[in-house]
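For reference, the structure discussed in these notes is given below.
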Amino acid sequence: MKGIMLSEAVPGNIYTILEIRDEARLVNRLSSMGLIDGSRVEICQNYKKQPVLIFVRDTLVAIGREESKKIMVGGVADGSK
Amino acid sequence: MGQNEVQKKAPVIALLGQPNSGKSTIFNMITGSHQHVGNWPGKTVDRKEGEFKWKGQRMILADLPGSYSLSAGSDEEIITKDYIASGNASLVLVMADASQLKRSLYMLADFVGTQVPAVLVLNMMDVAKGQGIKIHTDKLSEKLGIPVVPMSAIRKKDYRLLYETIDESLNKKPIMKAQVLKSAEEKMQFIDALLEDVLTASKTAGNAFTKFDKRALSPVKGKIMAFGIILVIFLLSMIFAGIISGIASAVLMPISAVLRQLMENISVHPLLISLICDVLVNVLYFAFMMASFVLGITLGFNLMEETGYLARISFLFDHTMSKVGLQGKTIMPFFMGLGCTIAGTTGTRVVDNWGQRVLAIAMSWAVPCAATLSVVPTIAIALFGSGGGFLVIVSIFLFMFLMMWGVYKVFGNSLSPKEDRVGLIMEMPPYHKPDFRNILYVTFQRTFDIFWRALRVISIVSIVFFILTYGFGGSQENSILYRIGVVVEPVTMFFGLKWQAFLAFCASAISKESLLGVLNTLYGTGGSLVSSTFGAKAAGSAADISAILSANFTKAEGLAFIFAISFNMPCVSALAATARETHSVRWTAKIGAFYTAAALIVACVVYHIGMLIF
């Protein structure tokens, strides 16, 4: 499964984080917000030129545009179910 | 050492929690006015400690710097980690947000394995309840092996349980059962296992991302709303400052007049009379005016931060501001800088990264403050007419962006290195009702701090300036500054500044409002340079000043002067505030030198181009 970048994710869908690319610092920062490989994230809002808004581990989290390109997600499930 | 003895007697309790966990509310509610803010040795992070009493026992509460975990490497995290490891604290209160336990227990998971007695404080129980979240705190406490205190930090009656638990835990020294958790996966698994039968009804995305947020965070509507809110705060602060300065002048001016009369009657030396009535009274007036502006804006900022709205502003403007290495919330200080540079500077406190904070302050200096904006149009219109004057003002604002860009180019990389920049990864905290007592307390504390600092600095600088400009024997030609001015005129003329203009440029360091008054005195009817520098309100009428300006400035000189005063470093009070906020006199000086140099170079360029055109 290849997955897509979080920046391309569709609002309303639930994804699983497949891989966080790049430096350890980003991984560290993300993990303290509850984002690690295998985390389930629900996309709340995703406009271009804005951070991506996701719901993960009880929390509404904003991820900057550039950072969201380094997070690969896959395994779409419809959030409305 | 005295302090050590005291600390032996009074146990130290440390507060550990992620930002937005309500840590500062608890800290303020417990310690009240018995707190002091310092620096961690060699670091630019605030060190906050306070004390309180429970059943006659004095205790010290240490607020550890906020960070999301203990494992990354920021200054805050290192300080916090070292502090806990040092064993200074007898007890650590680990805070978590009950409305989002799955994430906020991460700090606890980081703390696990530390052999220091601890208590878990579950804050925001009221918010959690409102969202239908159910938490079995007894079970949680049993699994962890330490006491758990459910509470809402803004509810006073919830503190009794906290105090009792602290008291008990200081004796029993409860230490968590679990082993150190190494990887993030282990920590998540620990939290999940912990919450398995503790959290019976949990939160959904619909709960977190409300209908209101859908609007508040939308690209267009959200920004309009944010600008509206910022504008309202800005205007309210301006009105508030206007009222306070009106009252201050209504009270201070008659006092000054009476004092003058009294001293003249008993024939006090005129130098002393001038010092007291012209300088000190007005210095007090300036300080009041600034403080009232800072008060209004700080209040607005704190309200937004406490309710959770500030995070939304950060979100909305992140994309724009990240281009210059700043966080989205720095849009606020820039906006506030239009009122008062000090207010903008104080506002950057919401930026958690020191380098970015200094960079934001440095860039916000370029924003012309209300005082500058009240002077520049007068000069511009006097010299260039209303059409030309308008163009000049527009060009000042356009140049402002160039100046910011220049600051970014010069300081950006050392203050906010590209490789250290972490883009926005931020929680949008649930909206919650703010505690007004806490907000007012923080606001007044900060305002008083600024007020005293500004008053001290501006007093010293004013007295020096007073001595330099005092016309011994009655005429200004006898003042020290005049003599210096005349000598350096050949140099300053290179920048398009005659000695009078150069003097006014120097005087504007005390207050930007004084510019017109100083010019009026220098070119006008004589009078005392001292009175005109300090008695900004008594400046000559607009008609007079227009005549003076057009008679004594060529267009090129006038333009050079306008650019020089618009982009010179801010007044000394703003410098003092900057030194306070950055904890660094060195950086304040660096940025100040940059601005003065830039202002003179710009004036020089504008002057020489102006000479070709006009």
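Residue numbers (numbering that gives the first Met the number 0), protein chains in the order written: chain W, 0 to 80; chain U, 0 to 613. Glycine included, C-beta positions come from ideal geometry on N, C-alpha and C. Values in this document were obtained by computation on a predicted structure and should not be read as measured data.
Flag residue i as yes if its beta-carbon sits less than 8 Å from any beta-carbon of chain U, otherwise no.
i     : result
S31/W : yes
I35/W : yes
E41/W : yes
N12/W : no
I16/W : no
R28/W : yes
Smallest Cα separation from residue i: which of the options?
i      : options                        : result
M635/U : D81/U, V406/U, R154/U, G338/U  : This structure leaves residue 635/U out entirely; chain U is present only between 0 and 613.
M427/U : S98/U, V605/U, L258/U, S23/U   : S98/U
E50/U  : S32/U, S244/U, L63/U, Y158/U   : S32/U
S36/U  : R455/U, R445/U, I509/U, L518/U : Note that residue 36/U corresponds to Val in the displayed sequence, not to Ser. That would be R445/U, whose Cα lies nearest to the Cα of V36/U.
A215/U : S313/U, V584/U, L283/U         : S313/U
I232/U : L302/U, G245/U, F285/U         : L302/U
W623/U : V517/U, P116/U, E512/U, A588/U : Outside the shown range of chain U (0 to 613) lies residue 623/U, about which nothing can therefore be said.
P429/U : L100/U, H318/U, V197/U         : L100/U
V605/U : T347/U, L496/U, C368/U         : L496/U
M403/U : R585/U, A379/U, L521/U, I360/U : I360/U
L121/U : V115/U, Q130/U, I134/U, F110/U : I134/U
S549/U : Y162/U, K138/U, I380/U         : I380/U
I132/U : D57/W, K48/W, S30/W, A61/W     : D57/W
I13/W  : N27/W, G2/W, S31/W             : G2/W
V418/U : S6/W, G11/W, D21/W             : The identity of residue 418/U in the sequence shown is Glu, whereas the question assumes Val. Answer by Cα proximity: D21/W.
Quick one: grab the DSSP three-state call for residue i.
i      : result
D674/U : Because chain U spans 0 through 613 in this model, residue 674/U falls outside it and cannot be assessed.
P10/U  : coil
H582/U : coil
H318/U : helix
E512/U : coil
T58/W  : strand
N301/U : helix
P332/U : helix
G49/U  : strand
Q444/U : helix
G2/W   : coil
K133/U : strand
D62/U  : strand
G112/U : coil
T553/U : coil
E18/W  : strand
C43/W  : strand
Q260/U : helix
F35/U  : The identity of residue 35/U in the sequence shown is His, whereas the question assumes Phe. It is a strand residue.
N87/U  : coil
I341/U : helix
M425/U : strand
T209/U : coil
R57/U  : strand
Counting only beta-carbon separations shorter than 8 Å, does residue i have a partner in chain W?
i      : result
G422/U : yes
F189/U : no
K328/U : no
A183/U : yes
L325/U : no
D317/U : yes
K22/U  : no
R273/U : Checking the sequence shown, residue 273/U turns out to be Ser, not Arg. Chain W contact via Cβ: absent.
A501/U : Sequence inspection shows Phe at residue 501/U; the Ala mentioned does not correspond to that position. No, because no Cβ of chain W sits closer than 8 Å to the Cβ of F501/U.
I67/U  : Reading off the sequence, residue 67/U comes out as Tyr, not Ile. Closer than 8 Å to some Cβ of chain W, the Cβ of Y67/U qualifies, so yes.
V321/U : It should be pointed out that residue 321/U corresponds to Ser in this sequence rather than to Val. Yes, its Cβ sits closer than 8 Å to a Cβ of chain W.
K417/U : no
E426/U : yes
F593/U : no
Using a C-beta to C-beta distance shorter than 9 Å, which residues of chain A count as neighbours of residue i?
i     : result
S70/U : The structure shown contains no chain A; the protein chains it does contain are W and U.
**Asked** Using Cβ-Cβ distances below 7 Å, what residues of the region 43-66 of chain W are close to chain U?
**Response** From the region 43-66 of chain W, only C43, Q44, Y46, K48, Q49, P50, L52, F54, R56, D57, T58, L59, V60, A61, I62, G63, R64, E65, E66 have a Cβ closer than 7 Å to chain U.
Pairs of beta-carbons, one from the region 67-86 of chain U and one from the region 154-173 of chain U, closer than 8 Å: are there three or more?
no
- the region 252-260 of chain U / the region 338-352 of chain U touching (three or more Cβ pairs under 8 Å): Two segments are said to touch when three or more pairs of C-beta atoms, one from each, lie closer than 8 Å; by this definition the region 252-260 of chain U does not touch the region 338-352 of chain U.
Could you run through the region 93-110 of chain U and flag, in chain order, every residue whose CB is less than 9 Å away from some CB of chain W?
D96, S98, Q99, L100, K101, R102, S103, Y105, M106, D109
message = At a CB distance below 7 Å, what residues from the region 211-244 of chain U approach chain W? Give them in sequence order.
response = L216, P218
> Any chance the region 385-395 of chain U sits against the region 270-280 of chain U, with 3 or more Cβ pairs inside 8 Å?
Replying inline: As far as the Cβ criterion goes, the region 385-395 of chain U does not touch the region 270-280 of chain U, which means the pair count is below three.
Next on the checklist: Check whether the region 10-27 of chain U and the region 104-111 of chain U are in contact - that is, three or more C-beta pairs closer than 8 Å.
Outcome noted: yes
>> With three or more beta-carbon pairs closer than 8 Å as the criterion, would you say the region 327-344 of chain U touches the region 433-445 of chain U?
In response: no
Margin query: Between the region 321-335 of chain U and the region 253-272 of chain U, can you find at least three pairs of beta-carbon atoms closer than 8 Å?
Written below: no
>> Taking 8 Å as the cut-off, does the region 501-520 of chain U touch the region 365-376 of chain U (at least 3 CB pairs, one atom from each stretch)?
In response: yes
- Of all the residues that make up the region 196-211 of chain U, which are near chain W by a beta-carbon distance shorter than 7 Å? Only those residues of the region 196-211 of chain U whose C-beta falls short of 7 Å from the nearest C-beta of chain W are listed: S201, K202, A204, A207, F208.
Between the region 42-51 of chain W and the region 206-225 of chain U, are three or more C-beta pairs nearer than 8 Å?
With three or more CB-CB distances shorter than 8 Å, the region 42-51 of chain W counts as touching the region 206-225 of chain U.
- Message: Against chain W, which members of the region 482-514 of chain U pass a CB distance test of less than 7 Å?
- Response: Residues: none.
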